[in-house]
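Working notes for the structure below.
Number of protein chains: 2
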Amino acid sequence: MARPRSDIKPSAIIAGATRVIASQGLSASTAAIAKESGVSNGSLFTYFETKADLLNKLYVELKTEMAEATLEGLTDDRDLREQALRVWSQWLNWATSYPEKRRTLALLNVSDDITAESQQTASRAMTEVRKLLNRVSENGPMRDTPLEFRLSLMNGVAEATIQFMIHDPADADTHCTAGFEAFWRMTV
Amino acid sequence: MARPRSDIKPSAIIAGATRVIASQGLSASTAAIAKESGVSNGSLFTYFETKADLLNKLYVELKTEMAEATLEGLTDDRDLREQALRVWSQWLNWATSYPEKRRTLALLNVSDDITAESQQTASRAMTEVRKLLNRVSENGPMRDTPLEFRLSLMNGVAEATIQFMIHDPADADTHCTAGFEAFWRMTV
DNA sequence: AATTAATGACTGACTGGACAATCATTTAAG
DNA sequence: CTTAAATGATTGTCCAGTCAGTCATTAATT
Chain A
1 MARPRSDIKP SAIIAGATRV IASQGLSAST AAIAKESGVS NGSLFTYFET
51 KADLLNKLYV ELKTEMAEAT LEGLTDDRDL REQALRVWSQ WLNWATSYPE
101 KRRTLALLNV SDDITAESQQ TASRAMTEVR KLLNRVSENG PMRDTPLEFR
151 LSLMNGVAEA TIQFMIHDPA DADTHCTAGF EAFWRMTV
Chain B
1 MARPRSDIKP SAIIAGATRV IASQGLSAST AAIAKESGVS NGSLFTYFET
51 KADLLNKLYV ELKTEMAEAT LEGLTDDRDL REQALRVWSQ WLNWATSYPE
101 KRRTLALLNV SDDITAESQQ TASRAMTEVR KLLNRVSENG PMRDTPLEFR
151 LSLMNGVAEA TIQFMIHDPA DADTHCTAGF EAFWRMTV
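Residue numbers (the numbering used here), protein chains in the order written: chain A, 1 to 188; chain B, 1 to 188.
Next up, the structure:
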């Protein structure tokens, strides 16, 4: 009976926040985010209760999008190494193709107003990656370490590789492959 | 002829800032830092021109301290692997022994008011580590990648290991060794 | 079909609080 | 007695979140 909520604005705000935070950091003002999103600063608060709420939703959104890009087209009827390489490439490709999303996500990863709940939701999106890593490494030299540790190491190598790909884009593909080989030697 | 500057206060402020920033993040107020350091908020600005200046000095101080702890007692008359393991252990041991310093340093590492100059000063403190890594990896599978890339990967694996050691302190030593072995397989 | 009532989204000026940095005084050292 | 450090109250700025008024949409009534 009343004016319905826009289904455009929430996603416009999410997109605007991604851009503004990528360039200004997490201290970007809600006013700046609203302006970039083409929305009044008042409206921002009809779709997101607080700034922290916006940051949490943004975090889950970006992480989910990353996970989907990473897992796209994955089938388990192939060689394990081939599957792992595909996931790896798609992961790093997403990160370097959307530098603003990747930078904002990196900032949110170390922010303290991301709740444990949001982190849990986000990590659920990565379940398939975890499973694949387990299959890949279950007979390797790290078989006796916690899977979480192996995941953490893989993440560390991937992040380092991404950073270097961004820093030296001309040879991005070479670095991507070299990063995968390093991960594989380490794990399998 | 005038009242001399205290040689205690600057270091007290550095130490206080480390503690407050570890617990409150980089947005900790200068007033809170001054209070924690036992100094009036006015005095903080007689020793550090601006908050950014304080953060830069703090960054260089912590990074230098970390480098010194990492390199302590290193001699090049031994087996390369032994040297590398020693450096690795001392690095990770420092990081887990001083969680506040490590957390504050981690925050400063991604802050945008750390100048390029500070980063350069800090990285100069790590020259010996770079040299050692080069000797360790110059005949390994990554010999054709940029040394900076190898350094970035080593850093990634070390950070991941540190995080996991902090997360599961009971088995810290095991994780430290497992991390080193992973690094070694990857690099050598 | 035309009119009106009800609802809640939209807007941007505004508020209250927090913070970095300053400054007038006071204190201590040479 | 001179100089500069020490102090904490103060200042100007910025920002998250609020709010009173406006406007778009739908449902009910004629």
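All residues carry an ideal CB built from backbone N, CA and C; glycine is no exception.
Three-state secondary structure assigned by DSSP to residue i
i	result
A116 of chain B	helix
D53 of chain A	helix
D168 of chain A	coil
T75 of chain B	coil
R5 of chain B	coil
S111 of chain B	coil
V188 of chain A	coil
Proximity of residue i and residue j at Cβ, strictly below 9 Å
i	j	result
A182 of chain A	P141 of chain B	yes
L26 of chain B	S89 of chain B	no
T70 of chain A	V87 of chain A	yes
L132 of chain B	R150 of chain B	no
V188 of chain A	S137 of chain A	yes
E128 of chain B	A67 of chain B	yes
P99 of chain A	I166 of chain A	yes
L74 of chain B	T18 of chain B	no
Q163 of chain A	S152 of chain B	yes
L40 of chain B	A32 of chain B	The question names Leu, yet the displayed sequence has Ser at residue 40 of chain B. For S40 of chain B and A32 of chain B, no; Cβs fall outside 9 Å.
A122 of chain B	T64 of chain B	yes
Reference residue i, options the options, closest by Cα
i	options	result
L55 of chain A	A:D144, A:L107 and A:Q120	A:L107
V60 of chain B	B:G179, B:P4, B:E138 and B:K101	B:K101
D7 of chain A	A:A22, A:R19 and A:S43	A:S43
E159 of chain A	A:V39, A:F180 and A:R19	A:F180
R130 of chain B	B:A34, B:M154 and B:Q24	B:M154
N109 of chain A	A:P10, A:I21 and A:I13	A:I21
A52 of chain A	A:R143, A:A32 and A:D113	A:D113
F45 of chain B	B:E65, B:T30 and B:L58	B:T30
H175 of chain A	A:R81, A:E65, A:L92 and A:A32	A:L92
Buried versus exposed call for residue i [16 or more other C-beta atoms within 10 Å across all chains shown]
i	result
G16 of chain B	buried
L62 of chain A	buried
T161 of chain A	buried
E36 of chain B	buried
T50 of chain A	exposed
G156 of chain B	buried
A116 of chain A	exposed
Enumerate, from N- to C-terminal direction, the unbroken alpha helix (DSSP H) stretches of 4 or more residues contained entirely within the region 8 to 72 of chain A. 9 to 24, 30 to 37, 41 to 47 and 51 to 71
Taking the runs of the alpha helix (DSSP H) that are 4 residues or longer, which of them lie wholly in the region 121 to 185 of chain A? 127 to 137 and 147 to 167
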